[in-house]
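Okay, so here's the structure we're looking at.
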């Protein structure tokens, strides 16, 4: 399933605000591994 950039950013912001990956995954309905993948791509985008 494809997720919008806005959706991904909201999920990542949730983690940056102090929620755990597990909490964010449950709230947004995605896998924990998916969040780590998005984080990795987000970090690589900034370099």
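Numbering (the UniProt record's numbering), first residue to last: 1 to 47.
For every residue, glycine included, the Cβ atom is placed at its ideal position computed from N, Cα and C.
It should be emphasised that the depicted structure is a prediction, and the values quoted were computed from it without experimental measurement.
Taking only runs of the alpha helix (DSSP H) that begin and end inside the segment 2-32, which ones reach a length of at least 4 residues, in chain order? 5-16 and 21-28
Given that a residue counts as buried once 16 or more other Cβ atoms are within 10 Å of its Cβ, and exposed if not, what is residue 25? buried
Enumerate in chain order the residues of its own chain whose CB-to-CB distance from residue 39 is below 8 Å, with the five nearest sequence positions on each side excluded. 12 and 15
Taking only the alpha-carbon atoms, compute the straight-line gap between residue 44 and residue 37 and give it to the nearest angstrom. 11 Å
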